[in-house]
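Asks: Just so you know, the protein sequences line up as chains A and B, in that order.
Under this note's numbering, read the first sequence as residues 1 to 186, first letter to last.
Under this note's numbering, read the second sequence as residues 1001 to 1450, first letter to last.
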Amino acid sequence: MTEPTDLPRIILVPVGSVNPRLLEFLILTLPDTFKMPCTLGPPLLDVSQAYSLVRQQYYSTELLARLLTLNQHATTKILGVTEVDLFIPILTFVFGEAQLNGPAAIISAHRLRQSFYGLPEDEALLLERCQKEALHELGHTFGLVHCQSFECVMHRSHSVEQVDLKRNSFCPMCAQTLAHNRLTLR
Amino acid sequence: MTKRPISILIVDDEPIVRESLQNWFREENYLVDVAASGKEALDKLTRQTWDLFLLDIKMPGMDGLELQRKIKQIHPSATIIIMTAYASVETAVEAMKQGAYDYLVKPFDPDDLERIVHKAVEHAQLLSENRQLRDKIEEMSRFHQIIGQSASMRRVLEQVSLVAASDTTVLIRGESGTGKELIARAIHANSARRYMPIVIVNCGALAEGVLESELFGHEKGAFTGAQYRRKGKFEMADGGTLFLDEIGDISLKTQVDLLRVLEDKTIYRVGGNTPIPVDFRLVAATNKNLEALVAEQKFREDLYYRLNVFSIALPPLRERREDIPLLAEHFLRQFAQNMNKPIHGFATDAMHMLCQYDWPGNVRELQNAIERAVLVCKGSTIEPSDLPFQVNNGPSPVPGQSLADMERHHILRVLQQTGWNISQSARLLGIDRVTLYNKIKRYHLRREPT
Chain A
1 MTEPTDLPRI
11 ILVPVGSVNP
21 RLLEFLILTL
31 PDTFKMPCTL
41 GPPLLDVSQA
51 YSLVRQQYYS
61 TELLARLLTL
71 NQHATTKILG
81 VTEVDLFIPI
91 LTFVFGEAQL
101 NGPAAIISAH
111 RLRQSFYGLP
121 EDEALLLERC
131 QKEALHELGH
141 TFGLVHCQSF
151 ECVMHRSHSV
161 EQVDLKRNSF
171 CPMCAQTLAH
181 NRLTLR
Chain B
1001 MTKRPISILI
1011 VDDEPIVRES
1021 LQNWFREENY
1031 LVDVAASGKE
1041 ALDKLTRQTW
1051 DLFLLDIKMP
1061 GMDGLELQRK
1071 IKQIHPSATI
1081 IIMTAYASVE
1091 TAVEAMKQGA
1101 YDYLVKPFDP
1111 DDLERIVHKA
1121 VEHAQLLSEN
1131 RQLRDKIEEM
1141 SRFHQIIGQS
1151 ASMRRVLEQV
1161 SLVAASDTTV
1171 LIRGESGTGK
1181 ELIARAIHAN
1191 SARRYMPIVI
1201 VNCGALAEGV
1211 LESELFGHEK
1221 GAFTGAQYRR
1231 KGKFEMADGG
1241 TLFLDEIGDI
1251 SLKTQVDLLR
1261 VLEDKTIYRV
1271 GGNTPIPVDF
1281 RLVAATNKNL
1291 EALVAEQKFR
1301 EDLYYRLNVF
1311 SIALPPLRER
1321 REDIPLLAEH
1331 FLRQFAQNMN
1341 KPIHGFATDA
1351 MHMLCQYDWP
1361 GNVRELQNAI
1371 ERAVLVCKGS
1381 TIEPSDLPFQ
1391 VNNGPSPVPG
1401 QSLADMERHH
1411 ILRVLQQTGW
1421 NISQSARLLG
1431 IDRVTLYNKI
1441 KRYHLRREPT
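#1: So, with DSSP's three-state summary, where would you put residue 1001 of chain B?
#2: Can you name the residues that DSSP bridges to residue 88 of chain A?
#3: I need the straight-line Cα distance from residue 1200 of chain B to residue 1241 of chain B, nearest angstrom please.
#4: How would you write the range of the beta strand (DSSP E) that residue 1312 of chain B sits in, first residue to last?
#5: What in chain B is Cβ-close to residue 90 of chain A, meaning under 7 Å?
#6: Please classify residue 1244 of chain B as buried or exposed, where buried requires at least 16 neighbouring CB atoms within 10 angstroms.
#7: Can you name, in chain order, every residue of its own chain whose Cβ lies under 8 Å from the Cβ of residue 182 of chain A, other than the five neighbours on each side?
#8: For the region 1175 to 1224 of chain B, which segments carrying the beta strand (DSSP E) assignment without a break, of at least 3 residues, lie completely within its bounds, in sequence order?
#9: Just by C-beta distance, which residues in the region 1021 to 1037 of chain B are closer than 9 Å to chain A?
#10: Quick check on DSSP: helix, strand or coil for residue 1411 of chain B?
#11: Tell me the rounded alpha-carbon separation between residue 1322 of chain B and residue 1428 of chain B.
#12: For a cutoff of 8 Å on Cβ pairs, would you count residue 100 of chain A as touching chain B?
#13: Could you run through the region 1109 to 1136 of chain B and flag, in chain order, every residue whose CB is less than 8 Å away from some CB of chain A?
#14: On the DSSP bridge list, what partners appear for residue 81 of chain A?
#15: Just reading off the alpha helix (DSSP H) that residue 1019 of chain B is part of, what are its end residues?
#16: Just how far apart, CA to CA, sit residue 1421 of chain B and residue 1437 of chain B?
#17: Please identify the residue among A:165, A:103, A:46 and A:28 whose C-alpha is closest to the C-alpha of residue 69 of chain A.
#18: Kindly list, in the order they appear in chain B, the residues whose Cβ is closer than 9 Å to that of residue 145 of chain A.
#19: Have a look at B:1341, B:1214, B:1191 and B:1150 and flag the residue whose alpha-carbon is nearest the alpha-carbon of residue 1165 of chain B.
#20: Can you check which of these residues, B:1411, B:1431 and B:1432, is closest to residue 1444 of chain B by C-alpha distance?
#21: Below 7 Å CB to CB, which residues in the same chain sit around residue 17 of chain A once its five sequence neighbours on both sides are set aside?
#22: Going by the DSSP bridge assignment, what does residue 1267 of chain B pair with across the sheet?
#23: What separation, rounded to the nearest whole angstrom, lies between the Cα atoms of residue 1407 of chain B and residue 1359 of chain B?
#24: Quick check on the burial criterion: 16 or more other C-beta atoms within 10 angstroms. Buried or exposed for residue 1195 of chain B?
#25: Tell me, please, whether the region 1311 to 1330 of chain B touches the region 1210 to 1217 of chain B by the rule of three or more beta-carbon pairs shorter than 8 Å.
#26: Distance, Cα to Cα, residue 1151 of chain B vs residue 1440 of chain B?
#27: Looking at the structure shown, is residue 1329 of chain B part of a helix, part of a strand, or coil, going by DSSP?
#28: Can you name the start and end residues of the alpha helix (DSSP H) that residue 1439 of chain B belongs to?
#29: Report the partner residues of residue 1154 of chain B according to the DSSP bridge assignment.
#30: Measuring CA to CA, which of A:22, A:97, A:90 and A:41 is closest to residue 1083 of chain B?
#31: Straight-line CA distance for residue 1275 of chain B to residue 1255 of chain B?
#32: Do you know how far the Cα of residue 145 of chain A is from the Cα of residue 1079 of chain B?
#33: Closest to residue 109 of chain A by C-alpha separation, out of A:10, A:11 and A:21, would be which residue?
#34: Indicate whether residue 1035 of chain B and residue 1017 of chain B have their beta-carbon atoms separated by less than 8 Å.
#35: Output, in chain order, the set of chain B residues within a Cβ distance shorter than 8 Å of residue 159 of chain A.
#36: List, from N- to C-terminal side, the alpha helix (DSSP H) runs of 4 residues or more that fit wholly inside the region 110 to 162 of chain A.
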């Protein structure tokens, strides 16, 4: 019997070169929150098309578009994970980008590392920050908008300090919306 | 005030900017619309408006500065954020001089974008609330709640218009339920003090000691139970209007105190020694014959003259019967809407009864009667049986009967009608329960055993 591939699931796609420990950590933790399996997909190694010489950053919307081509099932969510610095034209940088109610999202660990701010590396903190951003961007793909509660993972964050302030979970209101929207996937 | 979602119009010729910003604002739960040019924005503006505008400076055809000028011509208080590239920061500064709220330099730092938009949204919300409050005040100032086309009411409204603009003390006279408070509010709403408070004190409802503390306030420890310093009504009305209802009921001592305040425009809190300057316009009202009280030395003559600078006499409802249908229809609409009942009007007989009845409780009694009728009405029109009185079957006034006899009779009739429900009777009569108890006692009214 073949495995039913149209069941709701999250596929993690490494974009460029990504620390395997980060991917393992997300594969381990994301199913707890979203109540669906999370598997590793084929990597997207060539990211050169999204590189901007002027900005010296990678255009996240371009990467998101390439991730979208990988998604063949309406019930699948694709989360791209990268270590390159992401931007969109109107903003100086983004921690990640997602399609509201869409199938794909991407996060970057680049500005979540302590070393980016001239501080000693802290892997545990990096994993926690990446987990929060992954929950946040995937939350958007399930139709969640930004939350007013500063502790909710759906609160908008523009700095690592704001990421650290959030919990790695959804507030009761967002959790309820998420549960409802997840059901409609089935 | 319930807060509705903030609406934003983004105007930029670059599709990528429009799309990115639209996504950003949607994630924040704003209502977003976009326009690719100044012309498209102005077209959209003819159909609706937005709380906040984000305009790009450099656009082919109409640039952001010109668009800002045109938006400001249509909506002078529009909140506008200008978007610009580094090269044209000077233009953005120019836009701010012309009334833009702030500017953002592309590409935006995410933190700046959130901070500036958040501040601008707060600004737009405050402007919107301010506009709503001012509209409400303006609406009130047009005698919105005073209904009447009779010659006597038109005369009253002319007097209100005449006196409102000045700071003159006004004495409103009229029977209970004729709308003295409404007239006081209209005077305030049409005066230069309308954006300041109107403070209302029912002097008849308060015992002398309580009234003194209410009016003057008190210092902590001024008397047993005065645990905190408290401002009095004179202070609360500072800059606005003080309305003293039932002025004929205040004691001689309070009359002296009031006179002193009117002379000095200064008060002392009970238990305090510090003079506090107060600036208020006084409007007083009474249903008593103040001249008779002066003659009986129950009311100070000097205070009487101080109050009676400009007097407005409100006619009783029985003397302006042509206003009854207007008032009745107004109250019907109001209560039918409040109670969510599809009642569209009065049966001819019912309206005839309303116009024939003598209304000793005046407009307040009419209002209560319509409220009850709407409550009990089962059809789409108010029928005679829905009204709380029977003009034809009820006792007619007997020539030669005294006012007190008529009052006794009327109170008894209402009590019987409500099954001696004191609260309901008081409401129908347009008086408070204490006054009704006093009248029951004074007239020796008793409930007959059934």
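Cβ atoms here follow ideal geometry from the backbone N, Cα and C, with glycine treated the same way.
Small disclaimer: the values here were computed from a predicted structure and weren't measured.
Replies: This is what the structure gives:
#1: Taking the second sequence and counting its residues from 1, the one referred to as residue 1001 of chain B is at position 1. With a pLDDT of only 42 at residue 1001 of chain B, under the threshold of 50, the placement of this residue in the model should not be trusted, and no figure is reported.
#2: Taking the first sequence and counting its residues from 1, one reaches residue 88 of chain A at position 88. Looking at the DSSP output, residue 88 of chain A shares a beta bridge with A:91.
#3: To locate residue 1200 of chain B, count along the second sequence from 1; it is residue 200. To locate residue 1241 of chain B, count along the second sequence from 1; it is residue 241. Approximately 9 Å between the Cα atoms of the pair.
#4: In the second sequence, residue 1312 of chain B corresponds to position 312, counting from 1. From DSSP, the beta strand (DSSP E) with residue 1312 of chain B extends over 1310 to 1313.
#5: By 1-based counting over the first sequence, the position of residue 90 of chain A is 90. What residue 90 of chain A touches in chain B: 1017, 1020, 1021, 1106, 1107 and 1108.
#6: Counting from 1 along the second sequence, the entry for residue 1244 of chain B is found at position 244. Result: buried.
#7: By 1-based counting over the first sequence, the position of residue 182 of chain A is 182. 8, 34, 35, 36 and 142, listed in sequence order.
#8: 1198 to 1202
#9: 1021, 1023, 1024, 1026, 1027, 1028 and 1029
#10: For this step, residue 1411 of chain B is matched to residue 411 along the second sequence. Residue state, collapsed to three classes: helix.
#11: The residue labelled residue 1322 of chain B in the question sits at position 322 within the second sequence. The residue labelled residue 1428 of chain B in the question sits at position 428 within the second sequence. Rounded to whole angstroms, residue 1322 of chain B to residue 1428 of chain B spans 22 Å at the Cα level.
#12: Here residue 100 of chain A corresponds to residue number 100 of the first sequence, with the count starting at 1. Closer than 8 Å: yes.
#13: 1109, 1110, 1111, 1113 and 1114
#14: The residue given as residue 81 of chain A occupies position 81 in the first sequence. Answer is A:14 and A:107, bridged to residue 81 of chain A.
#15: Against the second sequence, residue 1019 of chain B aligns to sequence position 19. Segment 1015 to 1027, the alpha helix (DSSP H) holding residue 1019 of chain B.
#16: One-based indexing of the second sequence puts residue 1421 of chain B at position 421. One-based indexing of the second sequence puts residue 1437 of chain B at position 437. For residue 1421 of chain B and residue 1437 of chain B, the distance between alpha carbons rounds to 12 Å.
#17: If you number the first sequence from 1, residue 69 of chain A lands on position 69. For the residues A:165, A:103, A:46 and A:28, the minimum Cα distance to residue 69 of chain A belongs to A:103.
#18: To locate residue 145 of chain A, count along the first sequence from 1; it is residue 145. Correct list: 1026, 1027, 1028 and 1029.
#19: To locate residue 1165 of chain B, count along the second sequence from 1; it is residue 165. Ranking the options by Cα distance to residue 1165 of chain B, first place goes to B:1191.
#20: Position 444 of the second sequence, counted from the start, is the residue given in the question as residue 1444 of chain B. Residue B:1411 is the option with its Cα nearest to residue 1444 of chain B.
#21: One-based indexing of the first sequence puts residue 17 of chain A at position 17. The answer, listed in chain order, is 83.
#22: Within the second sequence, the letter at position 267 stands for residue 1267 of chain B. Paired residues: B:1276.
#23: The residue you call residue 1407 of chain B lines up with position 407 of the second sequence. The residue you call residue 1359 of chain B lines up with position 359 of the second sequence. Answer to the nearest angstrom: the Cα atoms are 11 Å apart.
#24: Against the second sequence, residue 1195 of chain B aligns to sequence position 195. Exposed is the call here.
#25: no
#26: Here residue 1151 of chain B is taken as the residue at index 151 of the second sequence, counted from 1. Here residue 1440 of chain B is taken as the residue at index 440 of the second sequence, counted from 1. Looking at the two C-alpha atoms, the distance is approximately 37 Å.
#27: For the purposes of this step, residue 1329 of chain B is identified with residue 329 of the second sequence, where counting begins at 1. The answer is helix: DSSP assigns residue 1329 of chain B an H, G or I state.
#28: What you label residue 1439 of chain B is simply residue 439 of the second sequence in a count that begins at 1. Where residue 1439 of chain B is concerned, the enclosing alpha helix (DSSP H) stretches over 1433 to 1442.
#29: Against the second sequence, residue 1154 of chain B aligns to sequence position 154. According to DSSP, which records beta bridges pairwise, residue 1154 of chain B is partnered with nothing at all.
#30: For the purposes of this step, residue 1083 of chain B is identified with residue 83 of the second sequence, where counting begins at 1. Nearest of A:22, A:97, A:90 and A:41 to residue 1083 of chain B, Cα basis: A:90.
#31: For the purposes of this step, residue 1275 of chain B is taken as the residue at position 275 of the second sequence. For the purposes of this step, residue 1255 of chain B is taken as the residue at position 255 of the second sequence. Distance between residue 1275 of chain B and residue 1255 of chain B, taken at the CA atoms: about 19 Å.
#32: Taking the second sequence and counting its residues from 1, one reaches residue 1079 of chain B at position 79. Taking the first sequence and counting its residues from 1, one reaches residue 145 of chain A at position 145. Spanning the two alpha carbons is a distance of roughly 24 Å.
#33: Along the first sequence, one-based indexing puts residue 109 of chain A at 109. It is A:21.
#34: Here the question's residue 1035 of chain B lines up with position 35 in the second sequence. Here the question's residue 1017 of chain B lines up with position 17 in the second sequence. Residue 1017 of chain B sits away from residue 1035 of chain B, with the two beta carbons spaced by 8 Å or more.
#35: Numbered from its first residue, the first sequence carries residue 159 of chain A at position 159. What residue 159 of chain A touches in chain B: 1111.
#36: If one requires a minimum length of 4 residues, the alpha helix (DSSP H) runs lying completely within the region 110 to 162 of chain A are 123 to 141, in chain order.
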